[in-house]
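Numbering (the working numbering), first residue to last: 767 to 1283.
Every residue, glycine too, gets a C-beta built ideally from N, C-alpha and C.
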């Protein structure tokens, strides 16, 4: 008990510290002092005023010009996950080379919790010496015509947004100041038209930069094809569910196989676990001006959210929660394995169970309120979702977060999908849209609930009332109740019909035998 209390206190203390320092305080260019500038230009002793041609300031050492500094988001404010741009102070010299850079403000969830300051500084340090004319690509490796830089593990998308904004801003500043071309990666055809034996004229060559989100889609073509195929298979199973559920062995194999696919491919490999942070950030983006580029920065997430938007209108939130949520699928597999080895199931009484539902809605309201003030604060408190610990960081983080995630998984062995039922703010948010679903394909009988309780007892999330009604806002659309509905060995009304039929058949067989004799 003392160990549990200690873990909870440590976790609460960690969260409070993170909330206190979650949003990195920003500064505007005109407010910048020499201390901040010397992080990039150590010899600086004075700063000029902001230039009229471009939002940049000249850096001096005595009467000598060392270079210029600027904020990337004042030139190219590209929103990231939080719906707000990441602000970096960048220095450029007279040859058009980046001298250095440092992050001065952000509200990115992954940079608040999950990425160390050393990782962030290592990433930013890679820009030193890069020319504004170069085509820089995160993770480009040896791709011809590009200079590759390393991403931050677990924050690839965020680093791509930073890269696009920094390089586009550096290009604009160099162009506005008329800086010469600094030699970077040799590009084919760069010297065409120059006089033989004479140096090429110095000028800035603007690279033809492709949209940063397009790079992500190109690099993930394979996994997007696999995911698209899997989603098409899921739709097929839902459309033909009446045919599928009368074949329980086939259904069980497909169901378990899909759960494994969701956990390992969508969750661990593609890191496609959707989060309440996505919804809150989307709200911020819509409030600040819609942009497709912001939505397209994560292809797998975009494809999944698009699918959720369609299926929630057709069948409700259960399609995602019951089939495509990696953490939910992981809990279900753990519970299935536990039952296989005889671990008893413990569920709360119906009265307690329904009252515990309120917790996830209260969490949702709290996160929404925090997001109105700061996405960083909301993202910090959204650590109630263990998704980042499990799928993005693979349990490699502060032990209090690991203990929390493992505890939820352990509880799911005896209380199926405990987190989903009582704590998940994403499920709470999606449940509001379930009210507008078009299809109502889950069949019930008049005996359901009175007197039959078979489906209610088997429902993994207790989404069937004792009176027999399915609670659509809580249903995960696992279709297990539909398998029972059509099973004449498990559904009591069908069991009675089968027994009467077998009696008639036995009686008819006996009569036929007597007549033959």
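Q) From which residue to which residue does the alpha helix (DSSP H) around residue 1128 run? A) 1124-1139
Q: Would you mind reading off the limits of the alpha helix (DSSP H) that contains residue 1011?
A: 1007-1011
Q | Continuous beta strand (DSSP E) stretch holding residue 816: start and end | A | 812-816
Q: Determine the DSSP secondary structure at residue 1168, reduced to helix, strand or coil.
A: helix
(Q) Which residue wins for smallest C-alpha separation from residue 1213, given the options 1222, 1207 and 1206? (A) 1222
Q) Mind checking residue 786: buried by the 16 CB within 10 Å criterion, or exposed? A) At residue 786 the pLDDT is 42, less than 50, meaning the model places this residue with poor confidence; the figure from the coordinates comes in the next sentence. The residue is exposed, with fewer than 16 neighbouring Cβ atoms inside 10 Å.
(Q) Within the continuous beta strand (DSSP E) that includes residue 826, where are the two ends? (A) 823-827
(Q) Going by beta-carbon coordinates alone, are residue 838 and residue 932 separated by less than 9 Å? (A) yes
Q) Residue range of the beta strand (DSSP E) that residue 1249 falls in? A) Not the beta strand (DSSP E): residue 1249 falls in the alpha helix (DSSP H), residues 1246-1251.
Q) Quick one: Cα of residue 1141 to Cα of residue 1060, how far? A) 15 Å
Q) Is it true that the stretch 926-946 meets the stretch 814-832, where meeting means three or more beta-carbon pairs spaced less than 8 Å apart? A) The stretch 926-946 vs the stretch 814-832: in contact.
Q. Using the beta-carbon count (16 or more within 10 Å), is residue 864 buried or exposed?
A. Residue 864 should be labelled buried.
Q) So residue 1210 and residue 1259 are in contact, right, with Cβ under 8 Å, and what is the actual spacing, rounded? A) Incorrect: roughly 11 Å between the Cβ atoms, too far for contact.
Q | Inter-stretch contact (C-beta, 8 Å, three-pair minimum) for the stretch 1119-1130 and the stretch 1011-1021 | A | The count of Cβ pairs closer than 8 Å, one atom from the stretch 1119-1130 and one from the stretch 1011-1021, stays below three, leaving the stretches out of contact.
Q: Return the first residue and the last residue of the alpha helix (DSSP H) that residue 1076 is part of.
A: 1065-1080
(Q) Helix, strand or coil, according to DSSP, for residue 941 in the structure here? (A) helix
Q | residue 902 versus 872, 873, 936 and 869, residue with shortest Cα-Cα distance | A | 936
Q: Taking all protein chains shown into account, decide if residue 1128 is buried (16 or more other Cβ within 10 angstroms of its Cβ) or exposed.
A: exposed
Q) Thinking just about the alpha-carbon of each residue, which of 1065, 1043 and 1108 is nearest to the one in residue 1131? A) 1043
Q: Specify, as a first and last residue, the run of the beta strand (DSSP E) that residue 830 falls within.
A: Unbroken beta strand (DSSP E) run through residue 830: 830-837.
Q. In terms of alpha-carbon separation, which member of 1092, 1167, 1186 and 1135 lies closest to residue 1124?
A. 1186
Q: Pick out whichever of 1065, 1102, 854 and 928 has its Cα sitting closest to the Cα of residue 869.
A: Looking at the Cα atoms, 854 is the closest of the given residues.
Q: Quick one: residues in its chain with C-beta nearer than 7 Å to the C-beta of residue 1070, no 5 flanking neighbours on either side, listed in chain order?
A: Excluding residues up to 5 positions away in sequence, 1038, 1040 and 1090 lie with their Cβ nearer than 7 Å to the Cβ of residue 1070 in the same chain.
Q: On a CA-only basis, which of 1115, 1097, 1164 and 1014 is nearest residue 1256? Give me that one, please.
A: Proximity to residue 1256 across 1115, 1097, 1164 and 1014 peaks at 1014, based on C-alpha coordinates.
Q: Could you spell out where the beta strand (DSSP E) holding residue 855 opens and where it closes?
A: 853-858
Q: Could you name the residues of the same chain whose beta carbon sits closer than 7 Å to that of residue 795, not counting the 5 residues immediately before and after it, in chain order?
A: 816, 821, 823, 836, 837 and 840
Q: Quick one: grab the DSSP three-state call for residue 1227.
A: In the structure shown, the three-state DSSP call for residue 1227 is coil.
Q: Express the C-alpha separation of residue 1218 and residue 1160 in angstroms, rounding to a whole number.
A: Going by the C-alpha atoms only, they are around 43 Å apart.
Q: Would you tell me roughly how many angstroms separate the C-alpha atoms of residue 1010 and residue 1248, rounded to the nearest one?
A: 10 Å
**Q.** Bounding residues of the beta strand (DSSP E) (the contiguous stretch that carries residue 867)
**A.** 864-871
Q. On the three-state DSSP scale, how would you describe residue 897?
A. strand
(Q) Pairs of beta-carbons, one from the stretch 1233-1243 and one from the stretch 1269-1282, closer than 8 Å: are there three or more? (A) no
Q | Separation of residue 1134 from residue 1049, as counted between CA atoms | A | Across the structure, residue 1049 and residue 1134 are spaced so that their CA atoms are roughly 10 Å apart.
(Q) Buried or exposed, going by whether 16 or more other CB atoms sit within 10 Å of the CB of residue 1165? (A) exposed
Q: Classify residue 1100 as helix, strand or coil using the three-state DSSP reduction.
A: The answer is helix: DSSP assigns residue 1100 an H, G or I state.
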